[in-house]
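Participant:
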Amino acid sequence: MNFSILSRGITITAEKNIRIYYKKAPVIIFGILFPLFMFISFYIGRDIDIIRFFPGFLAMTLFFTASSVGPLITPWEKQAGTYERLLSYPVKVITILLGDVVAGMLFGSVITILVLTVGILILDVSIFSTINIVILAVAVILGCLCFASLGVLLASPSSKAPSNVMMLSSLVRFPLIFISGIFVPLGELGGFGLLLSYLSPLTYLVDIFNACLNGTGIFPLALDIMALILFTSIFLAVANLFHKRNLAKGL
Amino acid sequence: MIRDSPAIEVHNITKRFGKLVAVNNVNFSVAKGEIFGFLGPNGAGKTTTIRMLTGILIPDAGRVIIEGIDMEKDPIRAKMKMGIIPEIGNVYVDLTTRQNLLLSGRFYGLSKSTIEKRSEEMLSALGLSERSDDPVRTCSKGMKQRISIACAIIHEPCVLLLDEPTEGLDVQSRRLIIDTISKMNDKGSTIFLTTHNIEEANRLCKKVCIINKGKIVAINTPERLKNTFDKTQSIEVAFNKHVNSELLASTFISKIDICGDKVHLYTNDPDRTVKHVVSLAEKNGLRILSMTTCGPSLEEAFIKLTGGKK
């Protein structure tokens, strides 16, 4: 496909999503309020070192925000009857999906940067070196890409009821935050818990954030990055396959 | 204006959903500049066919060619040639009319200035100027359908596909839409129209295709289709006072129906029947208030072809 047509389609789809869907209540609730409440419920009344757990909370925020938009767009479009029109434009399914991913990525990036800034300015979180800033930036982009892709994959069932997709989305996303070293540091996980954590893409993002902000990463950086790229590729490929298969269902 | 190669070619397309064969080995072509009506009862396969024409569904077998471009091989180029008004193709209600037009225009690769210029023209032609900056959710159903049409034609497509464009609309919106379709056709666009409104198809279409249970049962001009099944014509006449059917009876009138203040005379010889009615009126001091000759209807042909009961 012609690259300019592809990039034009992605940009327009992403802009449309930002304009229409960012303000919707489920995006605000699951993308911003939910990670905030998770943080508050974990932190309030407990004597924990906030600096030590900050990388995990940052990763959780990124995870929820980046994956909050994607699952809802397709069901909303099918419910509103706009999806068939969107498909009738000169775009391929992958273009629409990438547009949805970009919208999720931007939402995730902005909120994550905001939380990181708050962490640095208020909580005295420190980034040890310039190279860590670059690594953090790459990790934020990769993480947002990965979890926005997961969000789009979660939208692939043919349902046109956003509530059904939200249920599936919660079923997948919640277990991940408990096996990815957010509440129990990766270094303290052992046995089956550690094995499970390898299966979660969030683990690798938490590890990069731990390495950059606390100097406590346990995997090599290259492995973390490769894992995020691999998970992103799998999520996108499967999402493309499922969305194509379920294209006309629920129209 | 008919030119050489067809605008739409459909070669043996078949689509199955599980065991159901929704569209079964369908073939037809639509000449450039033609208004082509695609009729059929509910569940006949109209929407599945139009979704294969628009590239939303891939046929299990067969090919769709739009303006010489194979839809399966090069869907982007094929879609650039088309304007599509899907059956449930709503516009974005959170955006304004103008924003919807901008979105459509950008998808078709138009420049901002072209979109702005064409938006102004279309907003005015479709009676949408006053509400152009209001969110679409505040617009009526008719206005939403007009916005939908404006979005589909902003790039001035060679081929316009409309799936039930006037379904459930008020008279004014329906007329505006029909006028827009006619204007597009006058400019050279090929129109592919599915509708339940047989009278609309009869008036607008140069050729009509009837699909039933996934198969094409007839393709012809409306006039030829009408005459395929029934050669009987009728004369509808209204007199200034009540008339008994016995008075009008004649050997060349096969049936007489009195409906309200009108009398329907069925005949194979409309000329003799009209003269007979006029002569009887003069002889009996009756005044003819109105008289219309009605040919066999497309609806009659449709019902016979699709196996329905009148």
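Respectively, the protein sequence lines represent chains A and B. First residue of the first sequence: 505, per the working numbering; consecutive thereafter. First residue of the second sequence: 29, per the working numbering; consecutive thereafter. Where a beta carbon is used, it is the ideal one built from N, C-alpha and C, also for glycine. Everything numeric in this text was worked out from a predicted model, so none of it was measured.
Hey, quick one: how far does the alpha helix (DSSP H) through residue 126 of chain B stretch, first residue to last?
Facilitator: In the second sequence, residue 126 of chain B corresponds to position 98, counting from 1. Start and end: 125–135.
Participant: If we ignore side chains and look at the alpha-carbon of each, how far apart do residue 106 of chain B and residue 112 of chain B end up?
Facilitator: Stepping through the second sequence from its first residue, residue 106 of chain B is reached at position 78. Stepping through the second sequence from its first residue, residue 112 of chain B is reached at position 84. If you take the alpha carbons of residue 106 of chain B and residue 112 of chain B, they lie about 12 angstroms apart.
Participant: Do the region 643–663 of chain A and the region 706–717 of chain A make contact, defined as three or more Cβ pairs closer than 8 angstroms?
Facilitator: Yes: the two stretches touch, three or more of their Cβ pairs being nearer than 8 angstroms.
Participant: Note down, in chain order, each residue of its chain lying with its Cβ closer than 7 angstroms to the Cβ of residue 660 of chain A, except the 5 sequence neighbours on either side.
Facilitator: Counted from its first residue, the first sequence places residue 660 of chain A at position 156. Excluding residues within five positions, the ones whose Cβ falls inside 7 angstroms are 743, 746, 747, 750.
Participant: Any residues in the region 77–91 of chain B with a beta carbon nearer than 7 angstroms to a beta carbon of chain A? Which ones, in chain order?
Facilitator: Correct list: 79, 82, 84, 85.
Participant: Can you tell me which of the three DSSP states residue 304 of chain B falls into?
Facilitator: Taking the first residue of the second sequence as position 1, residue 304 of chain B is located at position 276. Three-state result, residue 304 of chain B: helix.
Participant: Could you pull the start and end residues of the beta strand (DSSP E) that residue 294 of chain B belongs to?
Facilitator: Position 266 of the second sequence, counted from the start, is the residue given in the question as residue 294 of chain B. Residues 290–295.
Participant: Does the beta-carbon distance from residue 599 of chain A to residue 514 of chain A come in below 9 angstroms?
Facilitator: Locating residue 599 of chain A in the first sequence gives position 95, counting from the first residue. Locating residue 514 of chain A in the first sequence gives position 10, counting from the first residue. Taking 9 angstroms as the Cβ cut-off, residue 599 of chain A and residue 514 of chain A qualify as a contacting pair.
Participant: Going along the chain, which residues of the region 518–540 of chain A sit with their C-beta nearer than 8 angstroms to a C-beta in chain B?
Facilitator: Per Cβ criterion, the list reads 520, 523, 524.
Participant: In chain A, what lies closer than 7 angstroms to residue 236 of chain B by C-beta?
Facilitator: One-based indexing of the second sequence puts residue 236 of chain B at position 208. By Cβ distance, chain A contributes nothing, its closest Cβ being about 24 angstroms from residue 236 of chain B, past 7 angstroms.
Participant: As a quick exercise: from B/281, B/67, B/289, pick the residue whose alpha carbon is nearest that of residue 191 of chain B.
Facilitator: As a position in the second sequence, residue 191 of chain B is number 163, starting the count at 1. If we check each option's Cα against that of residue 191 of chain B, B/67 comes out closest.
Participant: For the structure I just gave you, are there three or more beta carbon pairs, one from the region 602–609 of chain A and one from the region 570–582 of chain A, closer than 8 angstroms?
Facilitator: Counting Cβ pairs under 8 angstroms, three or more are found: they touch.
Participant: Can you pull the chain C neighbours of residue 584 of chain A, defined as C-beta to C-beta under 8 angstroms?
Facilitator: Of the protein chains in this structure, namely A and B, none is chain C.
Participant: Between the Cα of residue 181 of chain B and those of B/41, B/72, B/154, spot the shortest distance and give me the residue it belongs to.
Facilitator: Taking the first residue of the second sequence as position 1, residue 181 of chain B is located at position 153. The residue with the shortest Cα to Cα distance from residue 181 of chain B is B/154.
Participant: Just to confirm, are residue 51 of chain B and residue 60 of chain B a CB contact at a threshold of 9 angstroms?
Facilitator: Taking the second sequence and counting its residues from 1, the one referred to as residue 51 of chain B is at position 23. Taking the second sequence and counting its residues from 1, the one referred to as residue 60 of chain B is at position 32. Cβ atoms of residue 51 of chain B and residue 60 of chain B: not closer than 9 angstroms.
Participant: Please state whether DSSP places residue 283 of chain B in a helix, a strand or coil.
Facilitator: Here residue 283 of chain B refers to the residue found at position 255 when the second sequence is read from its first residue. Three-state result, residue 283 of chain B: strand.
Participant: Using the C-alpha atoms, what's the distance from residue 215 of chain B back to residue 234 of chain B?
Facilitator: Your numbering for residue 234 of chain B matches position 206 in the second sequence. Your numbering for residue 215 of chain B matches position 187 in the second sequence. Computed Cα separation, rounded: 16 angstroms.
Participant: Closest to residue 292 of chain B by CA distance: which of B/319, B/315, B/308 is it?
Facilitator: Here residue 292 of chain B is taken as the residue at index 264 of the second sequence, counted from 1. If we check each option's Cα against that of residue 292 of chain B, B/319 comes out closest.
Participant: Hey, how far is the Cα of residue 632 of chain A from the Cα of residue 717 of chain A?
Facilitator: One-based indexing of the first sequence puts residue 632 of chain A at position 128. One-based indexing of the first sequence puts residue 717 of chain A at position 213. The alpha-carbon atoms of residue 632 of chain A and residue 717 of chain A are separated by roughly 7 angstroms.
Participant: Need the endpoints of the beta strand (DSSP E) that residue 246 of chain B sits in, please.
Facilitator: If you number the second sequence from 1, residue 246 of chain B lands on position 218. That run of the beta strand (DSSP E) goes 243–248.
Participant: Just the chain A side, please: which residues come within less than 8 angstroms of residue 108 of chain B by C-beta, in chain order?
Facilitator: As a working note, residue 108 of chain B is residue 80 in the second sequence. 594, listed in chain order.
Participant: Compute the Euclidean distance between the alpha carbons of residue 172 of chain B and residue 686 of chain A, then round it to the nearest angstrom.
Facilitator: As a first step, residue 172 of chain B is located in the second sequence; it is residue number 144 there, counting from the start. As a first step, residue 686 of chain A is located in the first sequence; it is residue number 182 there, counting from the start. Distance between the alpha carbons of residue 172 of chain B and residue 686 of chain A: 48 angstroms.
Participant: Going by beta carbon distance, what residues of the same chain come within less than 6 angstroms of residue 30 of chain B, once the five residues before and after it are set aside?
Facilitator: Here residue 30 of chain B corresponds to residue number 2 of the second sequence, with the count starting at 1. Any reading at residue 30 of chain B needs caution, since the residue's pLDDT is 46, under 50, leaving its predicted position unreliable; the model's value is listed next. Excluding positions up to five away in sequence, the list reads 59, 61.
Participant: Roughly how far, in whole angstroms, is the beta-carbon of residue 38 of chain B from the beta-carbon of residue 56 of chain B, given that I think they are within contact range, below 8 angstroms?
Facilitator: Against the second sequence, residue 38 of chain B aligns to sequence position 10. Against the second sequence, residue 56 of chain B aligns to sequence position 28. Yes, residue 38 of chain B and residue 56 of chain B are in contact; Cβ-Cβ is about 5 angstroms, under 8 angstroms.
Participant: What residue from B/294, B/197, B/223 has the CA that sits closest to residue 168 of chain B's CA?
Facilitator: Counting from 1 along the second sequence, the entry for residue 168 of chain B is found at position 140. Measuring from the Cα of residue 168 of chain B, the nearest candidate turns out to be B/197.
Participant: Per DSSP, what kind of secondary structure is residue 201 of chain B in: helix, strand or coil?
Facilitator: As a working mapping, residue 201 of chain B is identified with position 173 in the second sequence. Correct three-state label for residue 201 of chain B: helix.
Participant: Is it buried or exposed for residue 200 of chain B, if we count other Cβ within 10 angstroms and need 16 for buried?
Facilitator: Within the second sequence, numbered from 1, the residue matching residue 200 of chain B stands at position 172. The residue in question, residue 200 of chain B, is exposed, as its Cβ has fewer than 16 Cβ neighbours within 10 Å.
Participant: Can you find a C-beta in chain A that's less than 9 angstroms from the C-beta of residue 135 of chain B?
Facilitator: As a working note, residue 135 of chain B is residue 107 in the second sequence. Closer than 9 angstroms to some Cβ of chain A, the Cβ of residue 135 of chain B qualifies, so yes.
Participant: Under the assumption that residue 131 of chain B contacts residue 516 of chain A (Cβ atoms under 8 angstroms), give the Cβ distance between them as a whole number of angstroms.
Facilitator: Reading the second sequence from its first residue, position 103 is the one you call residue 131 of chain B. Reading the first sequence from its first residue, position 12 is the one you call residue 516 of chain A. At roughly 7 angstroms, the Cβ-Cβ gap stays under 8 angstroms, so residue 131 of chain B and residue 516 of chain A are in contact.
Participant: Which residues share a DSSP beta bridge with residue 320 of chain B?
Facilitator: On the second sequence, residue 320 of chain B is found 292 positions in, with the first residue counted as 1. Note: residue 320 of chain B sits in a beta bridge opposite B/264.
Participant: Using only CA atoms, which one of B/264, B/85, B/295 lies nearest to residue 114 of chain B?
Facilitator: The residue labelled residue 114 of chain B in the question sits at position 86 within the second sequence. For the residues B/264, B/85, B/295, the minimum Cα distance to residue 114 of chain B belongs to B/85.
Participant: What are the partner residues of residue 188 of chain B, as DSSP defines its beta bridges?
Facilitator: Position 160 of the second sequence, counting from 1, holds the residue named residue 188 of chain B. Beta-bridge pairing links residue 188 of chain B to B/111, B/219.
Participant: Under 9 angstroms, do residue 206 of chain B and residue 174 of chain B count as touching if we go by C-beta distance?
Facilitator: What you label residue 206 of chain B is simply residue 178 of the second sequence in a count that begins at 1. What you label residue 174 of chain B is simply residue 146 of the second sequence in a count that begins at 1. Not a contact, by the Cβ cut-off of 9 angstroms.
Participant: By DSSP, does residue 93 of chain B sit in helix, in strand, or in coil?
Facilitator: The residue labelled residue 93 of chain B in the question sits at position 65 within the second sequence. Note: residue 93 of chain B maps to strand in three-state DSSP.
Participant: Tell me which residue opens and which closes the alpha helix (DSSP H) that residue 687 of chain A is part of.
Facilitator: Numbered from its first residue, the first sequence carries residue 687 of chain A at position 183. Run containing residue 687 of chain A: none; DSSP gives neither H nor E here.
Participant: Measuring only between beta-carbons, confirm whether residue 193 of chain B sits less than 9 angstroms from chain A.
Facilitator: Counting from 1 along the second sequence, the entry for residue 193 of chain B is found at position 165. No, residue 193 of chain B lies away from the interface with chain A (no Cβ there is under 9 angstroms from its Cβ).
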